[in-house]
Every structure is written in C-alpha cells, then in structure tokens.
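Notes follow once the structure below has been shown.
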Amino acid sequence: MIRSAWICVFLLCIVQGVAADSPHWTRASPKDRARANPYANQDDAVRAGRRLFDDHCAKCHGADALGRGKRPNLRSREVQEATDGEIFWLLTNGSLRKGMPSWSALPEASRWQLVTFLKSLRVAEGSRPAQQAGGPENEP
Amino acid sequence: MLISPRNFHWVFLLLLLSDAAAQDWPYFVTYSHALEEPGNLEIEFKGTQGSPKYGNSFVGGTIEFEYGVKGWWTSELYLSGQHTSNDSTVFTGFRWENRFRPLLEEHFINPVLYVEYENVNEADRSFLEVVGHDNVADLRIPNAESRNKTERALELKLILSRNAHGWNYSGNFIAEKTLNESEPWEFGYAAGVSRPLAFAASPQPCLLCRENFAAGAELYGGLGTADGFGLRGTSHYLGPTVAFSVPSGPAFTFSPVFGLNDNSLGVLYRFKISYEIEQIFGRLRRSSR
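For the protein sequence lines, the chains are A and B, in the order given.
Here the working numbering is used: the first residue of the first sequence is 9, the next is one more, and so on.
Here the working numbering is used: the first residue of the second sequence is 7, the next is one more, and so on.
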C-alpha cells in the first residue's frame, strides 16, 4: 500500500516536470487569442472589473496593478499589448506552476469584466517591465 | 524572532482586517478542482446537525485549515468533535489531506488527486464523506463506547470537475482503507452541481446582489466494500445547497440534505462559515517588522 502511494507521488512529480517545460502564454490557441471581449470599452465593465480585481488580484499584483515582489506588473507594455483573448485565456487557465491560480470558477462574464478593467489601465510610463517579475508569458 | 511578543496582538488584528473572496463552490462533501490560492489560508467551520430515529440528536463540528502550498497543491488539516444530547461532547480526531492537480491547465474535465490520512474514532459525526456501509445505526452507539475505537485510515479520492457557462459540475470517487484493522477497502461517491446567481459582477459595491449568492445541489453516499461492492446496505443523501459570500468577508453556506433510504438519517442540516486570509506568511513577516 505504502509502495503504491510512493509510486503515485513519483508519477505525479514526472507529470509536473514535463508540464513545466512548456511555455505558458504561447499555449493559447489562435482561436483563443482572437476571442472578442463582449464588454470591451464599457464603463460599467471597467467598474465591475475594478471590484473583481480588488477582491481577487490586488493582494498579489497590488492595488495599483504595478506588481509586488515577484508578482508581475499588469501595467507593463507586454501585458497591455496582449489581446483581450490572451488575457482571458490566462485568467481561465492560470499558471499554476508559477503561482498564478486559475480563475475558471469565476463566470465567463466576470472574467471578461476583469479583462476590460486591466486593459483600461494603460501602460504606466517608467514602470518596470513584466519580465522583471516573471514575464507575461508566465504570469499575468 | 519572527514575531516579538510586543506586537503579537497586532498580528491577529492584521489577520482580521482584510481577506480574499475564495473561489469555493457551496459543497460539503464534494470537491471541485478549485484549489486554495498559493499562500492563502482558509479557515472554515463546518457543522452538521442530525437526529437519528431511536437515537439522540447530535451536532458535529469540524474546523479546517486549508493552505495553498502551490498553484497545483493544497494541504488541509481537519479537527473534529461532536456533541450528542443526553450523552457527551467529545473530540473525535483529525484528518490531514493533500490535493494535487496533475494537469496544469483547464480541460473539458479536470482531475484532482486527493490523499488523506485520518485518525478518527467512531464517535465522529462530521459527515465529511460517506463510504462503505456507513449506516444510521452507527449513530445510535453511545459516545462512551464509540470513542474507544479509533480508526486510522488512508482515503483516496479521484476528483473530476468542470466549470462551464458559469456552472460547476463535480464528481468524486472515494476509496478508503483502514490501516489498523484488516477491513476491506470501502467505497463512496459524491457529486455536486452549482452556479452563482449572477454571472456578471455589478459595477456598484453591493452586499445582497445576486453575484454574492450561489446555489446548487449535492448527492453523496456509500458504494459498499471490496467484498460487497454496490448499493446494498449503504446510505445516501441528496439536498440543495446555498451560499452567501460577504464581499471581502466570510462566506456562509447552508444545506439541508435528505436521506434517500432507510439506512440514511431522515434529514441532516449542514452549515459552514469560511474565511480566507490572504498571503498569510507575507502578512506575518510584514507585521513582525
């Protein structure tokens, strides 16, 4: 029994190791990247997204979204130039290995509202690039 | 020293000042593939009240400490006790479980592996799972007798879960093996479906808006043992569940579940309060400076 449990743990480590080699952001399919945001540029969605951001994201990325410690700056050029579909994909899947949880438990509409808010932030001039904190390819 | 005695009281104050909204679904037995966010600690109290026919009514309580170790790994400690009217109040034991997500992205179905060690006595009334031939007759045994028999067991679960169109669908297959007695593997299942009452967030801060409520249904029961797999002699429960999350505050969940056969309790009333503390160790470090 104990031997079987150790075999399970070993197999789990292998699975984790193989998955870690794959770049994350690039895994979004062209179809996912091209998805249109139904709430794009809507003021109400920005306000709702702000509330969701405060509840779920600010603890790691900071209330100003400029990043904290190793947590990326969401007002960097890389993030702001990502398509809505790419950000939505990352919110849905997370980057579990890098510590970004999946937010798939949030309904789709709420995730799009978050995307709308994030894209409303614009690039903060003089702020650090996302790569300094792990890069947008690993964490939004 | 991480925390000096002088500022120790500030630690608790800081812990209480702000928290996060968890991603939990309103289930009591069923697990979904939502894991605790890395660095967050969720403290939860789960209560269960039941009144077995020809037995004394009881209240079971379990306090849970759930910590997000990694994005793909959550660890949880459970401490359980119960009070039976006309009998006594007893501590019934502890459980320690770990959940792992082997696949790091969202798929059509998302598996999670669950491994638990439990050390509980037979007075346990937590109903954290129903397996084997768990039966209403077990609940009529006086605490003085049942608390003397401790079961050390390994429990494995295969959690399958899917989030689609705002809904969550989860199913768990449970296998439990007692380690300190030669008993066969016991099996059980749990399944749940739920959704928030609103899919889009409100632009205005609000307390009683629909997005803060979730509702669903849960079904769980035993599937016999390796010596006698099936529904014969097993108990099963089905009921609605509803949750209310205070924005940046605790979440409350309530579920009355109904026994589906004579082996089950007529009704079990279940409730839980959960509270999530964000980035617990970062917060402790900051408060110690």
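We put the beta carbon where it would ideally sit given N, CA and C, even for glycine.
Source: prediction; values computed, not measured.
In the structure shown, the three-state DSSP call for residue 174/B is strand. Under the three-state reduction of DSSP, residue 79/A is assigned to strand.
The beta carbon of residue 91/B sits closer than 8 Å to those of 62, 63 and 64, all from its chain and outside the five residues before and after it, given in chain order. Straight-line measurement puts the Cα of residue 236/B at about 32 Å from the Cα of residue 89/B. Within the segment 94-109 of chain A, those residues whose Cβ lies closer than 8 Å to any Cβ of chain B are, in chain order, 100, 101, 102, 103, 104, 105, 106, 107, 108 and 109. Residues of chain B with a Cβ closer than 7 Å to the Cβ of residue 59/A are, in chain order, 207 and 211.
Taking a C-beta cut-off of 7 Å against chain B, the contacting residues of the segment 45-56 of chain A are 52, 55 and 56, listed in chain order.
Taking residue 186/B as reference, the option from 167/B, 155/B and 224/B with the minimal CA-CA separation is 155/B. From the beta-carbon of residue 77/B, the residues of chain A found nearer than 9 Å are 102, 103, 104, 105, 106, 107, 108, 109 and 110. Pairing residue 30/B with residue 257/B gives a Cβ-Cβ distance under 8 Å. Residue environment for residue 151/B: exposed (fewer than 16 other C-beta atoms within 10 angstroms of its C-beta).
According to DSSP, residue pairing for residue 221/B in a beta bridge involves 201/B and 248/B. Looking at 53/B, 227/B and 59/B, the one whose alpha-carbon comes closest to that of residue 180/B is 227/B. Chain B places a beta carbon closer than 8 Å to that of residue 113/A, counting this residue as a contact.
One alpha carbon belongs to residue 71/A, the other to residue 209/B, and they sit about 17 Å apart. Residue 106/B counts as buried, since no fewer than 16 other beta carbons sit within 10 angstroms of its beta carbon. For residue 37/A, not one C-beta of chain B is nearer than 8 Å to its own C-beta. For residue 71/A, no Cβ of chain B is located within less than 8 Å of the residue's own Cβ. Interface residue (Cβ-Cβ distance to chain A less than 8 Å): residue 44/B is classified as such.
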